[in-house]
Each structure stands twice: as C-alpha cells, then as structure tokens.
Amino acid sequence: MALSVIVTAYRSAVTLRACVEQLQRDPDVSQILVADCSEETPSLPVSVRRFPPPTAVPVMRWAMLERVTEPVVACLEGRCVPETGWGAAVLAAHAGWPDAAGIGGAVDVDGASGWLDTVVWFCEYAAYAPPLAEEPASEISGAHLSYKTAMLLTESDLLAAGVWETLVHLRWRAKGISLRTIGAAIAFRNGMSGGEFMRQRFHYGRGYAAARCRTARRLLLGLMTPALPLVLTLRTAAAARRAGRMPSFLLCLPGIFFFHTMWSAGELLGYWFGHSGNQHIY
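Taking our numbering, the leading residue of the sequence shown gets 2, the next gets one more, and so forth.
Next up, the structure:
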C-alpha cells in the first residue's frame with residue numbers, strides 16, 4: 002500500500018517547493034497532487050493544477066480527489082513540510098486502525114520561525130503540537146489530514162459543496178465513525194504578514210460560524226462570543242502547557258489574544274448575519 006498526497010497552496014512558493022521535494026524523497030508516497038491558486042504559478046518538479054484566486058482551500062482539495070489513485074490520501078497545506086518517515090507512519094496508522102476514517106498528525110512550528118510566525122502557529126496549531134498522543138480524537142488538524150479514500154468519497158455531497166473538513170468530521174461523529182491522532186509531525190512555516198493573518202482570522206471565523214449553525218441557536222451563540230477570546234486563549238495555554246511551550250506562549254500572549262479576538266469578531270458576524278458571500282484565502 003502506498004500514499005497519495007494532496008497539497009493545497011497559496012502564495013507559499015518556497016515552502017511549497019520544500020514540501021514537494023520532501024514528499025518526493027518519501028518512499029511511501031506514490032502520488033503528489035498540487036493545487037494552487039496563487040497569482041503566479043509556482044515552479045515545482047511536479048505538475049500543478051491551477052485554480053483562480055481566490056479559491057478556498059477545501060474547494061481545491063476536494064476537486065483533486067478525482068485524481069487520487071491510492072487507498073489512503075493525505076492532505077497537507079503548502080506552508081508545511083513533513084518529517085522524514087512521515088509516509089510510513091501515516092500508512093501504518095491506517096493499517097493499524099482500519100475503522101478510523103480520518104487520522105491526523107502533529108503540527109510543529111519551524112525552528113527558524115520568528116515571533117509573529119510563532120503567534121500564528123499558536124493560534125492555528127497549538128492543539129496539535131508534538132508530542133501528540135496516538136488516540137481517538139474529536140478533531141484533527143486541517144493542515145495535516147489523512148483519510149481512507151473510499152470512506153471520504155462517501156461524503157460526496159459535502160465534498161461537492163466545497164465545505165471545510167470540520168463538517169465532514171461532524172457528520173462522521175454523528176454516525177459513530179472515528180477519528181484518531183498520531184505522533185508523526187509536519188513543520189509549519191508561516192508566510193503571512195500580521196495584517197494578512199488578522200484578516201484570515203476574521204474571515205475564517207465568520208465562515209466557520211456561518212457553516213456551523215443555521216438554526217435559532219445562532220442568536221445565543223452570538224451573544225456568547227464576547228467571552229470567546231478568553232476561552233480560546235485559555236485553550237491555547239493548556240495546549241502550550243501540555244507540549245512544554247509555556248515560556249514561548251507567555252512571550253507571544255499579547256499577539257495570541259489579539260488574533261483570537263479577531264476570530265471571535267468573525268464568529269459573531271457569522272452567527273448573526275451568515276457568510277459574507279465572498280471567497281477568501283490567505
């Protein structure tokens with residue numbers, strides 16, 4: 002058994018190339034599928050399927066599924082580079098847990114990252130910081146996903162709608178279909194400025210809330226959002242403590258709280274007014 006890998010990218014040419022080259026060196030990766038919606042086509046040693054900017058990550062990701070040839074497909078983002086032996090670890094996990102439809106791994110921050118890069122990583126991926134336990138999970142990181150291809154394709158209506166993977170996972174949990182985490186890691190290399198990340202948090206927070214709740218509960222959830230920056234920051238602190246990253250967390254705390262506030266503002270608008278109707282990618 003071998004692994005197909007879908008890599009989605011936007012304005013991350015240098016890290017995307019490092020990601021693809023590392024995948025090419027991985028003996029357990031037999032197929033690399035790259036989807037990119039940057040204004041300029043990245044220079045890569047593999048073919049790239051181009052999408053118009055801005056095309057949302059899940060739209061690009063699920064559009065590539067028709068080309069997948071292997072029974073296990075992994076989905077990475079173009080700002081991440083997998084570690085050596087990554088493919089073998091993913092395949093071993095799927096073989097070891099045949100009932101797990103989705104298996105996600107750890108996301109570490111690249112060792113050369115600066116303050117803003119580390120803030121971005123804390124906001125996005127601290128919950129998946131290594132060491133990550135091999136255990137059942139309620140959610141897995143959107144930057145480091147892998148699925149049994151056949152099980153993923155059964156959710157064709159959601160895939161065709163271009164939804165984020167979180168909605169697929171919610172449906173699976175309702176059906177009693179399991180997710181798991183494993184210790185295999187990828188390294189995150191941020192490519193966004195502070196302004197870009199601020200807009201990303203706001204727009205993605207709004208999209209998350211709009212997709213998550215379309216019922217009368219949206220008014221109540223919106224009223225709860227003023228407490229959300231504190232809740233998210235406390236969750237990040239707990240993740241930092243688990244991973245032994247508290248000194249770094251305290252150094253980054255002002256930025257973490259600010260960007261969690263931007264996400265929360267987006268959620269408020271999403272619950273009360275729905276999706277903006279525009280596509281955003283960062």
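In this text, a Cβ means the ideal position worked out from N, Cα and C, and glycines have one as well.
Model, not experiment: these values are computed from the prediction.
Check	Outcome
C-beta atoms of V91 and A75 nearer than 8 Å	yes
Span of the beta strand (DSSP E) around A211	Segment G195 to R213 is the alpha helix (DSSP H) holding A211; no beta strand (DSSP E) there.
Beta-carbon spacing of E257, A57 below 8 Å	With the sequence shown as reference, residue 257 is identified as Ile, and Glu is not the correct amino acid for it. The answer is no: Cβ separation not under 8 Å.
Nearest candidate by alpha-carbon position, reference A239, set L17, A128 and D118	A128
Beta-carbon gap between T150 and V35 smaller than 8 Å	no
Contact test: R243 Cβ vs the ligand PLP heavy atom, cutoff 7 Å	Of the ligands one can find in the structure shown there are none, so the ligand PLP has no counterpart to examine.
DSSP state of Y11 mapped onto helix, strand, coil	coil
C-alpha gap between E84 and I141, whole angstroms	18 Å
Closest by C-alpha distance to A210, when choosing among H276, L235 and T182	H276
Opening and closing residue of the beta strand (DSSP E) in which C81 lies	C81 to P83
Spatially closest choice to V110 from S39, A96, A188 and L45, by CA coordinates	A188
Closest residue to G48 among R26, P99, W87 and I7 (Cα-Cα distance)	It should be pointed out that residue 48 corresponds to Ser in this sequence rather than to Gly. It is I7.
Burial state of S194, where buried means 16 or more other Cβ atoms lie within 10 Å	exposed
Proximity to M1 [Cα-Cα], best of V30, T262 and A266	Outside the displayed range of the chain (2 to 283) lies residue 1, so it cannot be described from this structure.
Identity of the residues DSSP links to E78 by a beta bridge	T9
As assigned by DSSP and simplified to three states, the class of S112	As written in the sequence, residue 112 is Gly, which differs from the Ser given in the question. The answer is coil: DSSP assigns G112 none of H, G, I, E or B.
Endpoints, beta strand (DSSP E) assigned at E136	E136 to A138
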